[in-house]
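Residue numbers (the working numbering), protein chains in the order written: chain A, 1 to 277; chain B, 278 to 554. Beta carbons: idealized from backbone N, C-alpha and C, even for Gly. Since we're looking at a predicted model, the values are computed, not measured.
Okay, structure coming up:
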């Protein structure tokens, strides 16, 4: 299965964290100038801002606000912590509504030393507690499984199979799955589980970057597509065969790239998008 | 399922790489003085040595030579590379035979950018090419699945399910599985796949250490048992419920610990072994 080559930028979306040095105002101008079509806004970029206005400005500049990143982090050692997590996710729904973002990406969370099984149950309970409010707001929730190297602190959901299982368990039509190639590329079940997500209409988003060799930092050493060992076009092909035709979101955490000229970096992204995505 | 607490060192085994600063001669003396019962020898420790004599010395000092670490690294971009890998594994069988080690640990290998599916097939083919010679030498081969963060260069086999599948495919009674908590702790299928390995008499070895939070280096920042988030006693309980009663091998790669007094480190290991394993 090989995806058809991308020939324009109509599906290109960038995460604000990809160009971390830019504020939301600067990102809005620069993305528009570079011809970006979609934006995923990280919540930190909204601090102290009029969120409705941020969304209006992005749309006025010709872009779609595709998702808000990120809710989640449901597990906690005590009930108060878990309630606070649910409250924060309800707040994220408010923010997504104000922003005009139809999707919230969930990084599910984990507590070091707490049994993963317990964290996984707390995650399902936490999501369940937010579902009604999200549905009422018309906002989808997307479970993003994270690479197993983040199972200690960031996510006890580490495979797309687990994400699909949670969706089955909760059975809500506005709950789905976010596929990030960085987290899932190694999984022998990836294609079959993408098919499963597609069959149940749960493929909500697709994040791309690459895995560098060697990777020097567990968090902030992601590569541009084409710089590493992930066959991004193959995975995109699997997504599209499963019915996904939405944005292709470039989400890169990289000390190397954040230290560079961000306008130039956007051009690097566009080139890598056409050649290696 | 909780394992019965360990109260003596009769099942304690150390990998020579755990005390990297020590030569095999120094390790033999120091391990014996500390009361170690088993040793897994890494091949680099045999460079320039009379291998038969190394084995005799270890046994004379009261220790069992449990395994030779490591064979594997079967995938390669061309046929010559794959033939060289098989030759190196045949050499490992010779070394294990000379050393008197009944098991060779296989770190299966991967080639950056080569499709994982292709590497996985090359791994099965490579193991198949070594099986007869290993059987003739009375030596078992143990597939050690590595953490998905090593899927780019070190192993395309990243779950115990994949290791069990390769064993099913090749069907050799002297081929089995090595469980390392560092690589596999996050896997929701770990317990059920350990049971599967046990049912088919394939549980060959058990490696322990811990996952630190934060982990600062992808390779050399492993923790002592109890220092991180892995529930080692629980996984040991699963191993024992599945019929495993062999050595518990301490395999720690750590710049921090290698920089310390290694005799003191051995004492730390013994304490962590009784308290957190």
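What whole-angstrom Cβ distance do residue i and residue j have, given they're in contact under 8 angstroms?
i: residue 193 of chain A; j: residue 161 of chain A; result: 5 angstroms
i: residue 390 of chain B; j: residue 229 of chain A; result: 5 angstroms
i: residue 69 of chain A; j: residue 248 of chain A; result: That belief does not hold up - the Cβ atoms of residue 69 of chain A and residue 248 of chain A are roughly 15 angstroms apart, past 8 angstroms.
Which residues share a DSSP beta bridge with residue i?
i: residue 283 of chain B; result: Residue 283 of chain B pairs with nothing; no bridge assigned.
i: residue 69 of chain A; result: A:42, A:105
i: residue 301 of chain B; result: Beta-bridge pairing links residue 301 of chain B to no other residue.
i: residue 262 of chain B; result: There is no way to answer for residue 262 of chain B, as the model of chain B reaches only from 278 to 554.
i: residue 480 of chain B; result: B:454
i: residue 525 of chain B; result: B:289
Kindly indicate which three-state DSSP category residue i falls into: helix, strand or coil?
i: residue 496 of chain B; result: coil
i: residue 420 of chain B; result: strand
i: residue 451 of chain B; result: coil
i: residue 381 of chain B; result: strand
i: residue 209 of chain A; result: coil
i: residue 167 of chain A; result: helix
i: residue 507 of chain B; result: coil
i: residue 434 of chain B; result: coil
i: residue 531 of chain B; result: strand
i: residue 180 of chain A; result: strand
i: residue 388 of chain B; result: coil
i: residue 289 of chain B; result: strand
i: residue 131 of chain A; result: helix
i: residue 48 of chain A; result: coil
i: residue 277 of chain A; result: coil
i: residue 425 of chain B; result: helix
i: residue 238 of chain A; result: helix
i: residue 311 of chain A; result: Chain A is shown only over 1 to 277; residue 311 of chain A falls outside these bounds and no answer can be derived.
i: residue 261 of chain A; result: coil
i: residue 94 of chain A; result: helix
i: residue 501 of chain B; result: coil
i: residue 55 of chain A; result: helix
i: residue 358 of chain B; result: helix
i: residue 88 of chain A; result: helix
i: residue 464 of chain B; result: coil
i: residue 76 of chain A; result: coil
i: residue 403 of chain B; result: helix
i: residue 475 of chain B; result: helix
Under a Cβ-count criterion, where at least 16 other Cβ atoms within 10 Å of its own Cβ denotes burial, should residue i be classed as buried or exposed?
i: residue 496 of chain B; result: exposed
i: residue 344 of chain B; result: buried
i: residue 314 of chain B; result: buried
i: residue 271 of chain A; result: exposed
i: residue 329 of chain B; result: exposed
i: residue 15 of chain A; result: buried
i: residue 261 of chain A; result: exposed
i: residue 10 of chain A; result: exposed
i: residue 360 of chain B; result: exposed
i: residue 432 of chain B; result: buried
i: residue 369 of chain B; result: buried
i: residue 295 of chain B; result: buried
i: residue 492 of chain B; result: buried
i: residue 297 of chain A; result: This structure cannot settle anything about residue 297 of chain A, because the visible part of chain A is limited to 1 through 277.
i: residue 251 of chain A; result: buried
i: residue 426 of chain B; result: buried
i: residue 152 of chain A; result: buried
i: residue 540 of chain B; result: exposed
i: residue 79 of chain A; result: exposed
i: residue 255 of chain A; result: exposed
i: residue 457 of chain B; result: buried
i: residue 267 of chain A; result: exposed
i: residue 171 of chain A; result: exposed
For residue i, go through chain A and note every residue whose CB falls closer than 7 angstroms to its CB, in chain order.
i: residue 429 of chain B; result: 211, 213, 229
Using a cut-off of 9 angstroms between C-beta atoms, extract the partners of residue i located in chain B.
i: residue 103 of chain A; result: Under the 9 angstroms cutoff, chain B gives no residues; its nearest Cβ is about 26 angstroms from residue 103 of chain A.
i: residue 158 of chain A; result: 425, 463, 464, 465
Quick one: which chain B residues come within Cβ less than 7 angstroms of residue i?
i: residue 175 of chain A; result: Per Cβ cutoff of 7 angstroms: no residues; residue 175 of chain A is ~19 angstroms from chain B at best.
i: residue 115 of chain A; result: 508
i: residue 112 of chain A; result: 490, 506
i: residue 218 of chain A; result: 492, 495
Identify the contact partners of residue i in chain A, using a Cβ-Cβ distance below 8 angstroms as the criterion.
i: residue 367 of chain B; result: Correct list: empty, because the minimum Cβ distance to chain A is about 28 angstroms.
Residue i touches chain A at which residues, Cβ-Cβ below 9 angstroms?
i: residue 439 of chain B; result: 188
Report whether the distance from the Cβ of residue i to the nearest heavy atom of the ligand HEM is below 8 angstroms.
i: residue 313 of chain B; result: Of the ligands one can find in the structure shown there are none, so the ligand HEM has no counterpart to examine.
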